[in-house]
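In our numbering, the protein residues as written are 688 to 824. No residue lacks a Cβ here, since even glycine has one placed at the ideal position from N, Cα and C. See structure below.
See below:
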């Protein structure tokens, strides 16, 4: 029997047609200093995309929590260049921080975002690209 080299990465099933059924907003977060020595988030880059959003298994959550690198959701989108851990994903009122972005099977067709849920954030009314409302002072 011939020995084979061990597979170093998993082969992922690509999403079926219709599985990218959630409309999300991807936005790059940049913390800008404020006058009171704090920071305020700015969102210079934002765009919408169709995505598949699934919650991780309890085992994955437990294993990543032990290393202080909690992954709560996997979000699959069509492949894009430049998505880093500086990005956040907004789906409805939920916000997720991107921890890692992975090219599924190295084919540059889909991107798997490993994310941490940040929690509930009320939607802004009539916002602009930096996430602030156009109607507030």
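- Take residue 726, set aside five residues on each side of it, and the residues of its chain with a beta-carbon closer than 8 Å to its own are 718, 719 and 720, in chain order.
- In this chain, the beta strand (DSSP E) harbouring residue 736 covers 726-742.
- In its chain, beyond the 5 residues on either side, 735 and 737 have a beta carbon closer than 7 Å to the beta carbon of residue 710.
- By the 16-neighbour rule on beta-carbons within 10 angstroms, residue 741 is exposed.
- The Cβ atoms of residue 800 and residue 764 sit closer than 8 Å to each other.
- Remark: C-beta atoms of residue 766 and residue 795 approach each other more closely than 8 Å.
- Ranking 806, 793 and 758 by CA distance to the CA of residue 701 puts 793 first.
- Around the beta carbon of residue 745, fewer than 16 other beta carbons lie within 10 angstroms, which makes this residue exposed.
- When the alpha-carbon of residue 714 is set against those of 755, 770, 760 and 754, the nearest one is in 770.
- Per DSSP, the continuous beta strand (DSSP E) segment holding residue 764 begins and ends at 760-765.
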